[in-house]
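So the sequence shown is numbered by the numbering used here: it starts at 421 and just counts up by one.
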Amino acid sequence: MTTQTLAGATGAPDRPPTSSWCAECDGRPCQSVEAFPAGNPRALSDADRLAATTGCGAHVHFAARGDQFVVVLPITGVAA
């Protein structure tokens, strides 16, 4: 299952932040907040910190296609 995303600020659709199933999103669409290249040794801790300070259900996905950790916000009120 691919997690869908809504259009970004430019109106262009965002890439799905992950191609795997996420228990927190459970198939609901989500909005990408920020991506951290996985090659950076601090990427996961930086992404976790941003997700924690963002709140509102923000959490981290790993996007294998871009080799990056992506902080996402689930879109509430939208069915899977």
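Glycine included, every Cβ here is placed at the ideal spot set by N, Cα and C.
From the DSSP output, which residues share a beta bridge with residue i?
{"i": "L493", "result": "Q451"}
{"i": "P457", "result": "Q488"}
Would you say residue i and residue j are within 8 Å of each other, going by their C-beta atoms?
{"i": "E444", "j": "H479", "result": "yes"}
{"i": "I495", "j": "P449", "result": "yes"}
{"i": "T474", "j": "V491", "result": "yes"}
{"i": "C476", "j": "L493", "result": "yes"}
Put residue i into one of helix, strand or coil per three-state DSSP.
{"i": "A483", "result": "strand"}
Please confirm whether any heavy atom of the ligand ATP lies closer than 7 Å to the CB of residue i.
{"i": "A467", "result": "By its list of ligands, the structure shown contains no ligand whatsoever, and the ligand ATP lies outside what it can speak to."}
Determine the burial state of residue i: buried for a count of at least 16 other Cβ atoms within 10 Å of its Cβ, exposed for fewer.
{"i": "A472", "result": "exposed"}
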